[in-house]
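Under the numbering used here, the letters of the sequence shown match residues 129 to 452, in that order.
All residues carry an ideal CB built from backbone N, CA and C; glycine is no exception.
For clarity, every value in this text was computed on a predicted model and none was experimentally measured.
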Amino acid sequence: MRSYVLLALLAALLALAVACDSDSPAARTPSPEPAAFGFDCAAAIAATAPDASAFPVEVADSLGNAVTLEAPPQRIASLSAGHTETLFAIGAGDQVTAVDNTSDCPAAANDLPNVDAFTPSVEQIAALEPDLVVIFYDPGDLQSSLQGLDIPVLNLVTPESVQGVYDQMALLGEATGHTDDAERVAGEMRKAVEDVRSRLGVVEAPAVFHEVDTNYFSAASGTFIGDLYGMLGAGNIADATGQAYPQMSAEAIIQADPDVIVLADEDAGESADTVKARPGWGSVSAVKNDRIYAIDPDIISRPGPRLVEALRTLAGYLYPELFP
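Put into structure tokens, the structure is as follows:
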């Protein structure tokens, strides 16, 4: 599992501490053409000039901390891979001058100076002379330390819903002078999401287990990952725990008998074969019916423009008859 996924799970846990299946043609719903929206990591993402007339501006981050920006920031340090993708998607890529060491999308981010995402150094970040720092969790009081050096910081914690992703995109648009661009991108994402949902029709929803890591952590309602499953009508077995990111036991997963298993920990060596080899898992419907899938942890764990790709991918896993 990639380091960003570990960070995303840790951030969410810290936030909690403080905060009809048929193959007959008649049963299928006609499928409209898929929406064109996409975010290609390998492509060059065009930047647009920020709207300086919107400044000064005051924005508040996820914890209610107010940040005043006198002019569009030109030296943004993004310590969050999901928000790096969002900044580029809304046209602010040219304003990003440093990223954390998990920000590998789009390709242009790989050419920027890196900051260690696990143990960020205040001195290293300050030396980059940023005029805005974006974080998604706060190790070692990083935010207050940087603010003490008069460096504006936005702490945008992992959203609890897809709407939260749109809200953070709008906030970053306002903070960077790309309000219209952020509104346009979010609108295109909403349309793409609705296009996927409109193809579902009336179908029997499967029960699913989403595996975040090898310790059986999962993502339930109250997370944007869980919200993606909710949009697809899936029965998320992790919801029974009442927690957002619960650690489930093998016994509980087997008893819940999910129809589909989605692995977001393939990087840690998990696969359909390793799941099938787990003691007692042979009785699980997903195992018996070969419905175990591995998803790229980056597209499912990063709250940004690729959530559309994540939704489309999950739809194919859950409803292969509708999304071949």
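- Of the residues assessed, L277 falls on the exposed side of the cut-off, its CB having fewer than 16 other CB atoms within 10 angstroms.
- Secondary structure of L391 (DSSP, three-state): strand.
- Collapsing the DSSP output to three states places H211 in a helix.
- Residue state for I428 is assigned as helix, using DSSP reduced to three classes.
- Inclusion of F345 and P431 in the CB contact set at 8 Å is not warranted, their separation being larger than that value.
- Distance from the CA of Y373 to the CA of F167, rounded to the nearest whole angstrom, comes to 27 Å.
- Excluding the 5 residues flanking it on each side, I382 has same chain C-beta neighbours closer than 8 Å at G408, W409, S411 and V412, in chain order.
- Listed in chain order, the alpha helix (DSSP H) runs fully inside the segment 210-297 are 250-255 and 270-275, counting runs of at least 4 residues.
- Partner residues in a beta bridge of Y447, as assigned by DSSP, do not exist.
- Its chain contains F246, T247 and P248 as the residues whose beta carbon lies nearer than 8 Å to that of P267, once the 5 sequence neighbours on both sides are disregarded; these appear in chain order.
- Boundaries of the alpha helix (DSSP H) harbouring S413: S413 to K416, taken from the DSSP string.
- Proximity of the segment 217-226 to the segment 169-182 meets the contact definition, three or more beta-carbon pairs being nearer than 8 Å.
- In terms of Cβ geometry, L270 and T214 do not form a close pair [threshold 8 Å].
- Straight-line spacing of the CA atoms in A438 and Q291 works out to 15 Å.
- Secondary structure note for F183: it is in no beta strand (DSSP E), with a DSSP letter that is neither H nor E.
- V262 and A205 have their alpha carbons spaced roughly 6 Å apart.
- Residue pairing of F167 in beta bridges, as defined by DSSP: absent, with no partner found.
- In the three-state reduction of the DSSP assignment, L442 falls in the helix class, which pools H, G and I.
- Going by DSSP, E398 is part of no beta strand (DSSP E) at all; its letter is neither H nor E.
- Following the DSSP letters along the chain, one finds L356 inside the alpha helix (DSSP H) bounded by residues F352 to M359.
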